[in-house]
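Residue numbers (this note's numbering): 393 to 750.
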């Protein structure tokens, strides 16, 4: 595999890849492979050989991918490959967030978020699909904390059970979200059990000009400082929870290697690039919404547009049209709802629709 040549000025991928002088090029040579091709006619044998060759090449792409690193390392590497000014996050406010702003914002938020917690500790995240949830997620990653993505639709009893199972002592949320989603009683119930509730609005008020300047400078040394934590690729990276349909919610711990492997498995089969736009209305507390709809595009230089609810069957198709989305993730139920309510041109720009999670 010759990786990196696609970014040279000699590449024909202008407009789809960030081309530059002297990109890093990695040459990987795997052992030779032999396979038997059967078929009654030459056409059948050629078709069978083509399918096997495609599988071999896809497996090669995954086998040579770097999954032995942390998510924050992968984010910084993506910035170096795709450019600091590449827009990767957008939400309903339609204000793009570049790699540089995402990493700087995460570093500014990381220190105050880490206060009162220890490295490797699970920290609850009770936020919808907005840019702030991604900044919070990577802020916790930067300091070696483990985001525990809480399902805010699960009800107080299930949330209390989830917090007990993951030994969560701190939850990060936002007052604006709590008010809009009418979660005041739920948050009060969680606080009554001794869990510390930290609001992003309060934390943001503590981040002054000096802290922002330090974060801007730290952006240049973020990789070195993060590696100093010596976080293993097999260490927990995130905690997700089952729905609780078969009893109390169960925690599912995913490592950095787990998540990066999932991302590279998809990228080995899908021909997406920097000109694509992902529309993700699936919540980040769901594995499909977190991995496919959020981490995969961000770590691949693809902009993802976040929307807070997959149940808005009229709004999501209209947003797909407005954002010129080319990739959509959803469940069968949600996709059926979009199909019923969409205008004929709403999905004109889509190249891929990925259904699952049901």
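Cβ coordinates follow ideal geometry from the N, Cα and C atoms, glycine included. Computed from a predicted model, the values in this text were never measured in an experiment.
Residues bridged to residue 482 by DSSP? Residue pairing by DSSP places residue 482 opposite 697 in a beta bridge.
Buried or exposed: where does residue 590 fall if 16 or more other Cβ atoms within 10 Å of its Cβ makes it buried? By the neighbour-count rule (16 or more Cβ atoms within 10 Å), residue 590 is buried.
Beta-bridge partners of residue 418, as assigned by DSSP: 395
Are the beta-carbon atoms of residue 462 and residue 627 separated by less than 9 Å? yes
For residue 749 and residue 407, I'd like the C-alpha separation in whole angstroms. 33 Å
From 431, 685 and 497, residue whose alpha carbon lies closest to that of residue 533: 497
For residue 643, report the span of its beta strand (DSSP E) as first-last. It spans 643-647 - the beta strand (DSSP E) in which residue 643 sits, taken as one unbroken run.
Three-state secondary structure (DSSP) at residue 545? coil
Buried versus exposed, by CB contacts within 10 Å (16 or more), residue 522: buried
Might you give, ordered along the chain, the residues of its own chain that have their beta carbon closer than 8 Å to the beta carbon of residue 437, omitting 5 neighbours on each side? 429, 430 and 431
Have a look at the DSSP bridge pairing and note the partners of residue 539. Under DSSP, residue 539 takes part in a beta bridge, and its partners are 515.
Would residue 469 and residue 458 qualify as a contact pair, given that the criterion is a beta-carbon distance under 9 Å? yes
Identity of the residue in 511, 563, 658 and 600 nearest residue 621 by Cα: 511
Measure the C-alpha to C-alpha separation of residue 712 and residue 739 and round it to an integer number of angstroms. 6 Å
Inter-residue spacing [alpha-carbon to alpha-carbon] between residue 526 and residue 676: Distance between the alpha carbons of residue 526 and residue 676 is about 9 Å.
Name the DSSP bridge partner or partners of residue 633? 643
State whether the segment 687-703 contacts the segment 480-500, with contact taken as three or more CB pairs (one from each stretch) at a distance under 8 Å. The segment 687-703 makes contact with the segment 480-500, as at least three CB pairs between them are under 8 Å.
By the 10 Å Cβ neighbour count, where 16 or more other Cβ atoms means buried, how is residue 491 classified, buried or exposed? buried
Please state whether DSSP places residue 490 in a helix, a strand or coil. strand
I'd like to check one pair, residue 605 with residue 670: are the Cβ atoms closer than 9 Å? no
Go through its chain and collect everything with a Cβ distance to residue 567's Cβ below 7 Å, but skip five positions before and after it. 591 and 593
In the DSSP assignment, what are the bridge partners of residue 406? 409
Measuring alpha carbon to alpha carbon, tell me which of 427, 399 and 535 ends up nearest residue 500. 535
By DSSP, does residue 476 sit in helix, in strand, or in coil? coil
To the nearest angstrom, report how far apart residue 433 and residue 443 are at their CA atoms. 16 Å
Straight-line gap, residue 477 to residue 427 (C-alpha atoms, nearest Å): 45 Å
Own chain, CB closer than 7 Å to residue 747, minus 5 neighbours either side, in chain order: 722, 723, 724 and 727
Could you have a look at residue 562 and say whether DSSP puts it in helix, strand or coil? strand
Thinking C-beta only, is residue 691 closer than 9 Å to residue 684? no
Considering residue 671, what are the terminal residues of the beta strand (DSSP E) in which it resides? 669-672 is the extent of the beta strand (DSSP E) around residue 671.
Note down, in chain order, each residue of its chain lying with its Cβ closer than 6 Å to the Cβ of residue 397, except the 5 sequence neighbours on either side. 417
Go to residue 720, then tell me how far its alpha helix (DSSP H) extends in each direction, as first and last residue. That residue, residue 720, is in no alpha helix (DSSP H); its beta strand (DSSP E) goes 719-722.
Where DSSP assigns a beta bridge to residue 589, which residues make up the other side? Paired residue(s): 563.
Can you list, in chain order, the residues of its chain whose CB lies under 7 Å from that of residue 531, leaving out five sequence neighbours each side? 498, 501, 502 and 505
Runs of beta strand (DSSP E) lying entirely within the segment 706-749, each at least 3 residues, in chain order: 719-722 and 744-747
Separation of residue 542 from residue 520, as counted between CA atoms: Our two residues, residue 520 and residue 542, have alpha carbons roughly 10 Å apart in a direct line.
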